[in-house]
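The listed protein sequences derive, respectively, from chains A and B. Per my numbering, the first sequence starts with residue 1, numbered consecutively. Per my numbering, the second sequence starts with residue 1001, numbered consecutively.
There are 2 protein chains.
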Amino acid sequence: MSAIKLVLVFLLWGTISRADDCNLSQAEIEEIQSYQDVVNQIIEATTNGQFKGETFEELAVFVDKFGARLSGTQALEDSIDYLLERMNSTFDIENVHGEDVQVPHWERISEWAEMVEPISAKIPLLALGGSVSTPEDGIEAEVVVVSSAEDIHNNYHDAVDGKIVVINYDYHSYGVSVSHRYDAPVAAANHGAVAVLIRSVTDFSMDSPHTGQTTYEDGVTKIPAAAITVEHANMLQRRQERGENVTIRINIQTQTLADATSRNTVGEIVGSEKPNKVVIVSGHLDSWDVGVGALDDGGGAFISWYALAVLKSLGLRARRTVRSVLWTAEENGMAGVKAYDELHKDDLGDFIFVMESDDGTFTPLGLRFIANTKGTCILTEILKLLEPINATQAVRSTSGVGSDITIWKDVLPTGSLYNQNDNYFWYHHTKADTMEALDPDALDRATALWASVAYIVADLNEDFPRALTDSGFYASANVFYVVFLSLFGVWFY
Amino acid sequence: MSAIKLVLVFLLWGTISRADDCNLSQAEIEEIQSYQDVVNQIIEATTNGQFKGETFEELAVFVDKFGARLSGTQALEDSIDYLLERMNSTFDIENVHGEDVQVPHWERISEWAEMVEPISAKIPLLALGGSVSTPEDGIEAEVVVVSSAEDIHNNYHDAVDGKIVVINYDYHSYGVSVSHRYDAPVAAANHGAVAVLIRSVTDFSMDSPHTGQTTYEDGVTKIPAAAITVEHANMLQRRQERGENVTIRINIQTQTLADATSRNTVGEIVGSEKPNKVVIVSGHLDSWDVGVGALDDGGGAFISWYALAVLKSLGLRARRTVRSVLWTAEENGMAGVKAYDELHKDDLGDFIFVMESDDGTFTPLGLRFIANTKGTCILTEILKLLEPINATQAVRSTSGVGSDITIWKDVLPTGSLYNQNDNYFWYHHTKADTMEALDPDALDRATALWASVAYIVADLNEDFPRALTDSGFYASANVFYVVFLSLFGVWFY
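The structure is reproduced here in structure tokens:
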């Protein structure tokens, strides 16, 4: 590489770096910086003062009282009643109410599995959400282990008729691997399988099956579907590779009842100047029926309403409304947010920024969000104020963030809690989803971040940029850099 | 601090450092260094050549075939028969035989627990080894949560009569915390408790109860004893702290049958010059009745016999005998090693060095051992040869190493596999003790280390130093340094 080319690379590097720089006015920057005292007050109250440990404690009382909260169950509705009362009476949050939603009501009744050949051994399993039952006496059949739906189609299409298919894939990310959970029953049934067992969707297992929603297709036989542990999937695979014939008996009993009425749980701190403009913080209150839904999504739901409790107690009323929405029925199809979207379709224009935490409430690092460049600059500047809790990272995303709120990912700015959630999927949808998956200090910090960001975005002079793509200066600049980069590349090689 | 004192500190530091230095002759060092080629050959064969992955594969076949191997069960005896045949016929290990031992035969039949007040919830549990049964209909009683046996005695002696005691202690190390498992039933029964549930002995839980042996005392009522998960112990504690009355129903059915005949499993590569002198590598073949005993202690047992398979295949016959002993019935009282000690009491003088791996077979780092200074120097020099697999750490211990072999900790030199076992107690005595707790590469390296150390110690010109304490030069030197250090300290301050 010639010296002049090297110099040009450095110049180019500098130019590209600057392309992402922010162009906020000094006044805008100073306006955001003026919230440092407010943020410090929130952080002090949550991590050291009267609210220290309280998000965890509130959640512990809640999950101890109600346990798991599957959509359609009385436990979920009782838990909503309790929380409406608590938000309203104890914490004086405003406009506390439920908004009715029709939700699915599927229930696990019983399930067991055992290997009967070549040796007898119990096989832990969890029926997948929506799974049909086996016949009352169960199913006994030989096992065929495959690596994916495509593997059935390509290599085992004649081999699975009348068999129990085990799908033992190589785990990549949750986002990639979860497709096996959805695709398995249709793919297996299409080739005559009588049941399907998937390897649980996780990168770490302590003998833990993980449930989660699955799907069927009209016109394809609905076969029972369950998750077995990573350990057992690998064990069955080893046996197949050794040429052993393995027979399994499974018995899964479930029922799908009539849709039930549930509620999205809503509370606000009404804005002082523009009450119709709304910043939303959210999580979902329903959970799967194993464990107690402390991690998924008790943590996300509780930082969302508790952020309002903190703001209210500190007398922090923003110019715009800060609203907490605790979605119902996220786990089995997101009926809650869909109903909310429909009910509020005329208000969507007033939703300034919508946040959801449904990826864990471990130690917070900052925010992931979808926003345009100016929005990115504003959030970056706001997050600098979270320096005292080391949660300053602004991660601009192009794919959806959150879970429920991905419904609006192309419509309005959305954000989610960026946190140290490397172990999130260890616990997700398992019996181990309990308070031990959470940490009181991490929850305090998450509440602080949630309250701070929501308050500031709701209080700024100007509305948060609505557009998700850039226009004007930023767009031109971006086009310029792309063209320049391309030309430079052509010349360089 | 004056300059002269500072200089003296450095001089003293240098002197102390040298106090641990080795005084091996150049000839002794060169003798040990001459084994580098042998060690390289072993490492090549196990980590790259014909044995790569085979320790794991052998163990996987074994645990898939026989599952858990509790003392007294047919599964354990079948597994011993299989292994005797495999060691003898497939790998041509010498003098392969079993040595009879009478072992306890306690069995878990069934167990369940549920909270009935204030809400209904299942409580996973595992009866502790040796636990008596509840009445056939179970026990229903209020719960009292305490932090230890002493806590009952000091603070709850009037409060546990007729109650189910839950012992929810602060976990420290396994060595410290396991005492709760042993002490719980007697301490609780002494104050009238009807059953005792301990928090599982672990620093990490994924809804996993951990079993393990407990003890009773003559003259104290034997009450049922089980382990519950960390999650449930904490949940019960939270409820007590809130003043909730908690009632639990438990039903534990176990049986203690007549002692059974089991075997220690023995194989050798007979020494070429001093066949009566023996280096032992060992692990235990029995396991608890949950999981498949892959980690505890399948790994330790399998590196122990497979080290011999490797040596035999490579034609590496040492001057002394290398013997593999796979203990039986370690888990519930170490009947295997006790019988071995009794049977071989006249041979103990010929046991040169005894090694056991029962703390995990994760990535090996070196050896922990009890030896005198010269023995320490020899092992340190040998372990330098393991540099290609980065397992060179020589850790001199004063407390016992291994598990079974602690019976000889004051009698002869003993060593154990020093390995990256931070997560060992995550899996220990749980259903998650499966092949997924192990790693093929780590097992290969452990086999290499085991084979290398055993071979060299068995082959050196001189017998490994028998004495566990120093005499002559080393002892005088140590006395000198202690006196010097004390005088220096007095002068310095």
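Ideal Cβ positions, reconstructed from N, Cα and C, are used throughout, including at glycine. As the structure is a prediction and not an experimental result, all values here were calculated from the model.
Quick one: measure Cβ to Cβ for Pro413(A) and Gly360(A), integer angstroms, because I've assumed they're closer than 8 angstroms.
Their Cβ separation, rounded to whole angstroms, is 22 angstroms, which puts Pro413(A) and Gly360(A) out of contact at 8 angstroms.
I'd like to know if Ser1200(B) contacts chain A, where contact means its C-beta is closer than 9 angstroms to some C-beta of that chain.
no
In whole angstroms, what separates the C-alpha of Tyr1340(B) from that of Pro1465(B)?
23 angstroms
As an exercise, report each continuous beta strand (DSSP E) stretch of at least 3 residues that is fully enclosed by the segment 102 to 139 of chain A, in chain order.
125 to 127
On a Cα-Cα basis, can you pick out the residue from Gln393(A), Asn23(A) and Lys409(A) that is closest to Gly400(A)?
Lys409(A)
Which value, in whole angstroms, describes the spacing of the CA atoms of Arg249(A) and Ala1309(B)?
39 angstroms
Please work out which residues of its chain come closer than 6 angstroms, Cβ to Cβ, to Lys122(A), disregarding the five sequence neighbours upstream and downstream, and give them in chain order.
Glu114
Bounding residues of the beta strand (DSSP E) (the contiguous stretch that carries His1495(B))
Here chain B comprises residues numbered 1001 to 1493, so residue 1495(B) is not present and cannot be evaluated.
How big is the Cα-Cα spacing for Gly402(A) and Asp286(A)?
15 angstroms
Between Val1457(B), Thr1469(B), Thr1447(B) and Ala1467(B), which lies nearest to Ile1043(B) when the distance is taken from Cα to Cα?
Thr1447(B)
Between which two residues does the alpha helix (DSSP H) harbouring Leu59(A) extend?
Glu54 to Phe66
Compare the C-alpha of Gln255(A) against each of Thr55(A), Gly67(A) and Ser110(A) and name the closest.
Ser110(A)
Judging by CA-CA distance, which residue of Val279(A), Ala260(A), Thr215(A) and Ile139(A) is the nearest neighbour of Gly349(A)?
Val279(A)
Proximal chain A residues relative to Glu1436(B), where beta-carbon distance stays under 7 angstroms:
Ser205, Val230, Glu231 and Asn234
Kindly say whether Pro124(A), judged by its beta-carbon, lies nearer than 9 angstroms to any beta-carbon of chain B.
yes
Rounded C-alpha distance that separates Asp100(A) from Ala1195(B)
47 angstroms
Just the Cα atoms here: how many angstroms apart are Thr15(A) and Asn23(A)?
Below a pLDDT of 50, predicted positions are generally treated as unreliable, and Thr15(A), at 49, falls in that range; the measurement from the model is reported next regardless. Straight-line Cα distance between these residues: approximately 15 angstroms.
Helix, strand or coil for Gly1014(B), going by three-state DSSP, please let me know.
Summary for Gly1014(B): the model assigns pLDDT 48, below 50, so the residue's position carries little reliability; its value from the coordinates is reported in the next sentence. It is helical.
Close Cβ partners of Ile93(A) (< 8 angstroms) along its chain, the five nearest in sequence each way excluded
Met87, Gly267, Glu268, Ile269, Trp305, Leu308, Ala309, Lys312 and Ser324
Output the distance between the C-alpha atoms of Leu1417(B) and Ser1357(B), rounded to the nearest integer angstrom.
5 angstroms
Rounding to the nearest angstrom, what Cα-Cα distance links Ile378(A) and Gln240(A) in this structure?
56 angstroms
Quick check: Asn1251(B) and Gly1138(B), are their CB atoms within less than 9 angstroms of each other?
yes
Got a sec? Which residues, its chain only, sit under 7 angstroms from Ser1017(B) by beta carbon, not counting five neighbours each side?
The predicted model places Ser1017(B) with a pLDDT of 46, which falls under 50 and marks its position as unreliable, so this point remains unresolved.
Assuming Glu244(A) and Pro118(A) make a contact with CB atoms under 8 angstroms, what is their CB distance in whole Å?
5 angstroms
Based on DSSP bridge pairs, tell me the residues matched to Arg323(A).
Glu268(A) and Ile280(A)
For the beta strand (DSSP E) that Ala467(A) lies in, which residues bound it at each end?
Unbroken run through Ala467(A): none, as it is neither H nor E.
What in chain B is Cβ-close to Gly67(A), meaning under 8 angstroms?
Ile1119 and Ala1121
Using a Cβ-Cβ cut-off of less than 8 angstroms, give me the residues of the segment 420 to 449 of chain A that come near chain B, in sequence order.
Trp426, Tyr427, Thr430, Lys431, Ala432, Thr434, Met435 and Glu436
Please classify Arg1242(B) as buried or exposed, where buried requires at least 16 other C-beta atoms within 10 Å of its C-beta.
exposed
What are the complete alpha helix (DSSP H) segments, minimum 4 residues, inside the segment 1067 to 1101 of chain B?
1074 to 1085
Would you say Val1061(B) faces chain A, with C-beta separation under 9 angstroms as the test?
yes
Which chain B residues sit within Cβ distance under 9 angstroms of Ser208(A)?
Met1206, Asp1207, Ser1208 and Ala1432
DSSP three-state call for Phe1351(B): helix, strand or coil?
strand
How long is the line joining the alpha carbons of Asp1218(B) and Leu1197(B), rounded to whole angstroms?
20 angstroms
Can you pull the chain B neighbours of Arg238(A), defined as C-beta to C-beta under 7 angstroms?
Ala1060 and Asp1064
Whole-angstrom distance between Gly1299(B) and Glu1436(B), CA atom to CA atom
12 angstroms
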